[in-house]
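Residue 315 in full-length UniProt numbering sits at position 315 of the sequence shown; the count goes up by one each step and never skips.
Heads up, the beta-carbon is just placed ideally off N, CA and C, and yes, glycines get one too.
All of these numbers come straight from a predicted model, not from anything done at the bench.
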Amino acid sequence: MTEPDVAALHPRRWAMFAVLLVGAFLPPLDFFIVNVALPSIQQDLGASSSAEQLVISSYAALYAVTLITGGRLGDLFGRERMFVVGLLGFALASMLCGLAWSPWALVSGRALQGLTAAVMAPQALASVQAIFSEKEKHLALSLYGAVFGLASVVGQALGGVLISLDVFGLGWRAIFLVNLPVAFLVIAFAIPLLRATRARDPRNLDLVGTALSMVTLAALIVPLIEGREAGWPLWAWLSLAVVPTLAGAFWRHQGTLARAGGFPLLDPRALGAPGLARGLTVALLFYTISTFFLLFSVYLQQAVHTSALDAGLVFLPYGLGYLLGPLISPAFRRLLGSFVTPLGMSLEAIGLYGIAWLIGAMTPGVLPDHPWLVVLLFLTGFGQGLATPGLMHMVIGRVPPDFSGMIAGVTSSTLQVSVALSVAVIGGVFHALSGERADAGQLAHAFVVALLVIATSQLIGAGLGLTIARQPASDPAHSSHPNNRR
1 MTEPDVAALH
11 PRRWAMFAVL
21 LVGAFLPPLD
31 FFIVNVALPS
41 IQQDLGASSS
51 AEQLVISSYA
61 ALYAVTLITG
71 GRLGDLFGRE
81 RMFVVGLLGF
91 ALASMLCGLA
101 WSPWALVSGR
111 ALQGLTAAVM
121 APQALASVQA
131 IFSEKEKHLA
141 LSLYGAVFGL
151 ASVVGQALGG
161 VLISLDVFGL
171 GWRAIFLVNL
181 PVAFLVIAFA
191 IPLLRATRAR
201 DPRNLDLVGT
211 ALSMVTLAAL
221 IVPLIEGREA
231 GWPLWAWLSL
241 AVVPTLAGAF
251 WRHQGTLARA
261 GGFPLLDPRA
271 LGAPGLARGL
281 TVALLFYTIS
291 TFFLLFSVYL
301 QQAVHTSALD
311 AGLVFLPYGL
321 GYLLGPLISP
331 AFRRLLGSFV
341 TPLGMSLEAI
351 GLYGIAWLIG
361 AMTPGVLPDH
371 PWLVVLLFLT
381 GFGQGLATPG
391 LMHMVIGRVP
401 PDFSGMIAGV
411 TSSTLQVSVA
421 LSVAVIGGVF
431 HALSGERADA
441 GQLAHAFVVA
451 LLVIATSQLI
461 GAGLGLTIAR
471 QPASDPAHSS
481 HPNNRR
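Written out as structure tokens, the structure is:
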């Protein structure tokens, strides 16, 4: 699609995109906002430790396993339609969570939140490829990165603020019910504003492929999320062991369907784009940073004994950096091109190594009252914000627009797999080093080791990103794929 085509078809594309960005904002917000509310939920509902864990993991698991399908639904049935359906479902699920009368009602609501968020969230990222010209895409991705990062950080602080204010006596329920007015206001704008974007030649949804993909991802994600808390029981290992077999069956089905002229959930022709596999690997390494939020919160509250609100406020320099990074990213891209993402990940690594050194050098259990902590948190957030738009462009820019939803779902799912893997592996290292009854010194040591692992993952990702930056993506707009027409 040429630039004049975009202008003619989507004169209000920036207003459309602003509405769709809410779909990118709410899912990470609701993932992080719950962390600080768990003690209040446990006290009010009498939730067991296993139910408490399910409040987080049911959302994360359903969200992760449904993202690819959610992105594909947008390709097939219209991204604006799937956005509204997903947002409406997310609002109803949030109401169920806010009115939950038992731990299991809350877990059910959280599972439904994850499912509907996976239908809503990929549509914003997919629409970047579908409605913007090449000149506009990086600015759109920069805004996407800013909103995505802002949601991750705001969630930490907003949960503490809402619980502390006890709005209308709702306590922890406010963190879910606040979604309702936001969702219905956005739907009121979305219905008259959004224009249809989808694949030119949509086919029926690949139901067999959808089922196989969800089962495969569930077999991988669920034991990674639940395994450590459950003590790595036999079922977790058996589930992980069957993942290669399930993945092989899924991939064979996709290839067979594509050769027969069908429309597979993950088209092998799109996934074979040069550099795409490496780009997804960079995304996998990039989002190990998600573990930093969780482990820093644990360190602050258990070793330094800060309140939930104060722990959230410590992240503000990080949040400011993450907000500014994507906004400045277009200027960096004009100077450095595709090398912006490796630069951003390198800055993240420097910031994390610095925080590890600072905490290791201080008295255990004492938060470094030092301007360097603020600087290093800002640098880490800035690096992540700087890298995010380029990373998204590195992945979705390598496929034709007809596959935007599919690749948006794959990218988002890759990030969620990274969350689960890093929590399982890096979180497992942290808990193994800190022990069951850890003192401040053990927690500080465990946190420093975890920081070193996360920082090294960023450096490896930056190195891999350099190899991709030297290999420009082919112009997806001129792909020879027969479906690539708007």
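- For Asp-30, the enclosing alpha helix (DSSP H) has its first and last residue at 13-33.
- Gly-209: member of the alpha helix (DSSP H) spanning 207-226, first to last residue.
- For Arg-333, the enclosing alpha helix (DSSP H) has its first and last residue at 316-336.
- Within the stretch 268-298, the runs of alpha helix (DSSP H) at least 4 residues long that lie entirely inside it are, in chain order, 268-271, 276-286 and 290-298.
- Take the alpha-carbon of Leu-143 and the one of Ala-469: they are about 21 Å apart.
- Taking every protein chain shown into account, the CB of Arg-13 has 16 or more other CB atoms within 10 angstroms, so this residue is buried.
- One alpha carbon belongs to Ser-346, the other to Val-243, and they sit about 32 Å apart.
- Rounded to the nearest whole angstrom, the C-alpha separation of His-431 and Phe-447 is 9 Å.
- Here Ala-151 has Phe-25, Pro-28 and Leu-29 as same chain residues with Cβ atoms under 6 Å from its own Cβ, once five neighbours each way along the sequence are excluded.
- For Glu-348, the three-state secondary structure derived from DSSP is helix.
- Trp-232 is not a Cβ neighbour of Ile-41, given a cutoff of 8 Å.
- Arg-72 and Ala-121 have their C-alpha atoms some 12 Å from each other.
- Here the alpha carbons of His-393 and Ala-356 stand approximately 31 Å from one another.
- Looking from the CA of Trp-104, the closest CA among Ile-56, Ala-126, Leu-87 and Leu-67 belongs to Ile-56.
- Counting C-beta pairs with one atom in each stretch, the stretch 119-137 and the stretch 408-416 have three or more that are closer than 8 Å, which means they touch.
- The beta carbons of Ala-387 and Phe-293 sit no closer together than 8 Å.
- In the DSSP annotation of this structure, the continuous segment of the alpha helix (DSSP H) that includes Val-85 starts and ends at 79-98.
- Closest in alpha carbon position to Pro-400, among Leu-20, Gln-442, Ser-133 and Ala-331, is Ser-133.
- Here the alpha carbons of Val-366 and Gly-441 stand approximately 10 Å from one another.
- Between the alpha carbons of Gly-325 and Ala-18 lies a gap of roughly 19 Å.
- At a Cβ-Cβ threshold of 8 Å, Ala-61 and Ala-408 do not count as neighbours.
- Annotation: Arg-173 is outside any alpha helix (DSSP H) and is labelled neither H nor E by DSSP.
- Comparing alpha carbon positions, the residue from Gly-337, Asp-44, Arg-252 and Arg-333 closest to Gly-169 is Asp-44.
- DSSP, reduced to helix, strand and coil, places Arg-470 outside both helices and strands of the structure shown, so it counts as coil.
- A distance of 8 Å or more separates the beta carbons of Leu-265 and Ser-338.
- Cβ-Cβ distances below 6 Å link Ala-93 to Gly-109, Leu-112, Gln-113 and Thr-116 in the same chain, with the five nearest sequence neighbours on each side left out; the list follows chain order.
- Nearest C-alpha to Ser-164 among Asp-310, Trp-251, Leu-177 and Gly-272: Asp-310.
- Between the alpha carbons of Ser-457 and Thr-256 lies a gap of roughly 36 Å.
- Pairing Ala-37 with Gly-160, the inter-Cα distance amounts to about 7 Å.
- The alpha-carbon of Ala-218 is positioned some 12 Å away from that of Gln-416.
- The C-alpha of Ala-283 lies about 31 Å from the C-alpha of Leu-106.
- Sorting Leu-376, Ile-396, Gly-155 and Tyr-318 by C-alpha distance to the C-alpha of Gly-275 places Ile-396 at the top.
- An exposed status is given to Arg-252, since fewer than 16 other beta-carbon atoms sit within 10 Å of its beta-carbon.
- A direct Cα-to-Cα measurement between Phe-250 and Ala-211 gives close to 9 Å.
- The DSSP-derived three-state label of Val-242 is coil.
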